[in-house]
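Contents: one structure, followed by commentary.
Numbering (the working numbering), first residue to last: 1059 to 1327.
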């Protein structure tokens, strides 16, 4: 299998499970990869380039270690710039003390998804200030979502405490939506799309699962989909982190609300 900096960690593991220990052995930053829950959440969203930034190591080192266990290297793909998180504009604001801090560790320990809370607070951050999100790991999916909204970020980690800073890169910025409604449709439209889609359709119900198991289950099922197949998901709410992932992977998706606390998602590859 040919790999490069853009290859997802989940793809590596799916091809050769030995990649888990090979990456984890590079340095202590990658120990979380040994945790099945964190691995299931992060691996499908994190590329080799992302991991190298999180682990503060060179992309070449990771690729070399993976090459040693049988992966082929795609030498035509350019390398990522390491240290992108060291953004001087963000650092200047941090040093000035203009910080709005949000510790999401209690939210996560309570089994809740902090995404909406982060977005709510982010909207209230004045120009010239940074939002400091305190977590136990680098929230790569969140960083990608927020950077696409016109922000830059900076990461500082010390032991199990990781601080991620966000600030605007433009004077005017559209308000961040709490929920991406681009894929919301009526029940009739949803059922019509189900009828139009041909091919195998899997079905899962994640409504009774505790966080973060709904996302883990959906991501695992998505990994198994091949061209022309679909996944029908019964969920308690619109999964905020999942939508940008679907867009990035070019999945088709339709979402309909059945009643309060019950939505259906149709994901088609």
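Beta carbons: idealized from backbone N, C-alpha and C, even for Gly.
Cβ pair residue i, residue j closer than 8 Å
i	j	result
residue 1280	residue 1325	yes
residue 1287	residue 1322	no
residue 1123	residue 1080	yes
residue 1160	residue 1192	yes
residue 1222	residue 1211	yes
residue 1381	residue 1068	Because residue 1381 is not part of the residues shown, which for the chain are 1059 to 1327, the question remains open.
residue 1180	residue 1189	yes
residue 1278	residue 1077	no
residue 1071	residue 1120	no
Cβ neighbour criterion (16 or more within 10 Å) applied to residue i
i	result
residue 1089	exposed
residue 1226	buried
residue 1113	buried
residue 1075	exposed
residue 1164	exposed
residue 1258	exposed
residue 1111	buried
residue 1091	buried
residue 1125	exposed
residue 1307	exposed
Of the listed residues the options, nearest to residue i (C-alpha basis)
i	options	result
residue 1182	1077, 1152, 1224	1224
residue 1187	1248, 1149, 1277	1149
residue 1248	1210, 1291, 1213	1291
residue 1283	1294, 1260, 1275, 1273	1260
residue 1185	1153, 1209, 1163, 1203	1209
residue 1273	1096, 1179, 1307, 1310	1096
residue 1128	1157, 1263, 1059, 1254	1059
residue 1246	1316, 1151, 1120, 1158	1316
residue 1319	1309, 1311, 1310, 1297	1297
residue 1241	1309, 1156, 1257	1309
residue 1162	1152, 1276, 1176	1176
residue 1218	1152, 1086, 1253	1086
residue 1152	1117, 1276, 1214	1214
residue 1256	1118, 1294, 1130, 1285	1285
As assigned by DSSP and simplified to three states, the class of residue i
i	result
residue 1210	strand
residue 1067	helix
residue 1060	strand
residue 1242	strand
residue 1278	helix
residue 1288	strand
residue 1311	strand
residue 1232	Unreliable placement is indicated for residue 1232, whose pLDDT of 38 sits below 50; no coordinate value is reported for it.
residue 1122	helix
residue 1196	coil
residue 1173	helix
residue 1264	coil
residue 1161	strand
residue 1224	strand
residue 1316	strand
residue 1095	helix
residue 1178	helix
residue 1148	helix
residue 1116	coil
residue 1076	coil
residue 1325	strand
residue 1216	strand
residue 1191	strand
* Asked: Is it true that the region 1292-1307 meets the region 1195-1206, where meeting means three or more beta-carbon pairs spaced less than 8 Å apart?
  -> Segments in contact, yes.
* Asked: Does the region 1260-1267 come close enough to the region 1153-1171 that 3 or more CB-CB pairs lie under 8 Å?
  -> no
* Asked: At a cut of 8 Å, does the region 1061-1076 reach the region 1104-1117 through at least three beta carbon pairs?
  -> yes
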